[in-house]
């Protein structure tokens, strides 16, 4: 066992938990700002075909390295790794801000992804440090709510700087990370000495895992260009093969195992993975789908489009606080919260679909659906996080707690890709059925080059068909969420209601001294 034991909790936990939320908010805002700035940067640097990898490299590197950086935190100290990660993130985005070529831009985004992945992983792992006895769920609720607030504010602030200059926008996250670095020196306790058993490093196993994650996610992201595309099939299959080799190595070589692979047979961990589906897959589907709905079918753009997302984003903030307190007090079990969240998501998506089929003329008609889904999506995030932390034993604390990020990235990517495939495919079917194949060809040309169709009715029909496609997507998502909720219900039926076992004080590698 580690000699670092958990001391009595600090009197006030809000400030440190809010600080952890700031760290997570910085990580969440960075890709949003980068996405807003990409068009300007692409034009200035003449990226051409590199813009696709420029858009995704940060996320790929984050997902591929976050488990490794979690292991580093276990070995070298979570505070040390976090401070170093903030410096890496600052350096990465400053490289982007001063980039003179597309390749330098891509390298900078890759560096930023590695740093911010470690920042997010550390922020999540630190929650147990500041949770009061029996208050892990409440602490996660505060963390999730603060993350939402900071991500929202930082995204709007950073994205607004794109109008000044895209290079200035990429200096915003380094500025915030610098403040976080200074704050961490004050807020976070020093790392305790590590004397307990360490998980093996296993460089080959980590390479297999990272390679499998990068290739499979790359293939998933390219599914939007066609499921039968070589750029979809080859990377995805190669990634699955590497992940299979990694799993085989972990299962058959206990002496070098760095991840407790047996977790994938544990009902609680499987339920946690499915809770990630409720939260991350739904988030990926909804943000893409309703943003495109407002843009393509109602002509909402720019600031108005950003403001239209606020009911969805803001609704989840108080919901996270409330559900965290209810879980922490024992008045709700995590199974109840997950099922309730799933039911609200299903209700919200059905309302969304019915509203779209009613062809409203104003975005305000969608506000009830936005609020309902916003609340439903955020509810699973609290028990999702607590179940991951419960599964993290002392030896593998950083590795397992960081896996939440990788799991979430898979579900989020599947949500984005699945939504794009359904929406594009069904919209094209609607155009073809109403106007014929030539109209679809004109629509494809418009999407690729911006050349307006010769037939002036094509875009109007496409916008109308998109509404039907959106409704089908909403009903399909409701079905997926329902199935996941049923499985979660049975996986967790043997667990008693009330406070989580993870709420008890725990000792883990480099658990900070308070």
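Residue numbers (my numbering): 0 to 513. Beta carbons are placed, not taken as given, at the ideal position from N, Cα and C, and that holds for glycine.
State yes or no: is the C-beta of residue 213 within less than 7 angstroms of the C-beta of residue 418?
no
Pairs of beta-carbons, one from the stretch 77 to 84 and one from the stretch 181 to 190, closer than 8 angstroms: are there three or more?
yes
May I have a chain-ordered list of the alpha helix (DSSP H) segments no shorter than 4 residues that lie completely inside the stretch 30 to 94?
50 to 75
Quick one: grab the DSSP three-state call for residue 517.
Past the edges of the chain, shown from 0 to 513, lies residue 517, and the structure says nothing about it.
Let me know the secondary structure DSSP gives residue 17 once reduced to three states.
helix
Exposed or buried, which one is residue 16 when buried takes at least 16 other CB atoms within 10 Å?
buried
Compute the Euclidean distance between the alpha carbons of residue 504 and residue 130, then round it to the nearest angstrom.
Reliability fails at residue 504, whose pLDDT of 36 lies under 50, so the model's placement of it is uncertain and the value that follows must be treated cautiously. Using only the alpha carbons, I get a separation of about 9 angstroms.
Compare the Cα-Cα distances from residue 318 to each of 257, 136 and 153 and report the closest residue.
136
Apart from the five residues on each side of it in sequence, which residues of its chain come closer than 6 angstroms, Cβ to Cβ, to residue 377?
315, 318 and 319
For residue 308, report the span of its alpha helix (DSSP H) as first-last.
Careful: residue 308 lies outside any alpha helix (DSSP H) and carries neither H nor E.
Taking residue 423 as part of the alpha helix (DSSP H), name the residues at either end of that continuous run.
396 to 434
Report the CB separation of residue 351 from residue 364 in whole angstroms; it is logged as a contact under 8 angstroms.
The pair is not a contact, with the Cβ atoms about 10 angstroms apart (cut-off 8 angstroms).
Could you give the residue range of the alpha helix (DSSP H) that holds residue 386?
380 to 390
Let me make sure I understand the geometry here. Which of 431, 475 and 385 has the alpha-carbon closest to that of residue 414?
475
Between which residues of its own chain and residue 52 is the CB-CB distance below 8 angstroms, once the five residues before and five after are set aside?
105
How is the alpha helix (DSSP H) around residue 360 delimited, first residue to last?
From DSSP, residue 360 is part of no alpha helix (DSSP H); its letter is neither H nor E.
Buried or exposed (CB count within 10 angstroms, at least 16 for buried), residue 68
buried
As a quick exercise: from 60, 468 and 147, pick the residue whose alpha carbon is nearest that of residue 355.
468
Spatial distance of residue 336 from residue 269 (CA atoms):
16 angstroms
Coil, strand or helix - residue 100 by DSSP
coil
Under three-state DSSP, which class holds residue 133?
coil
Give me the Cα-Cα distance between residue 541 and residue 330, rounded to the nearest whole angstrom.
As shown, the chain starts at 0 and ends at 513. That puts residue 541 outside it, with no answer to give.
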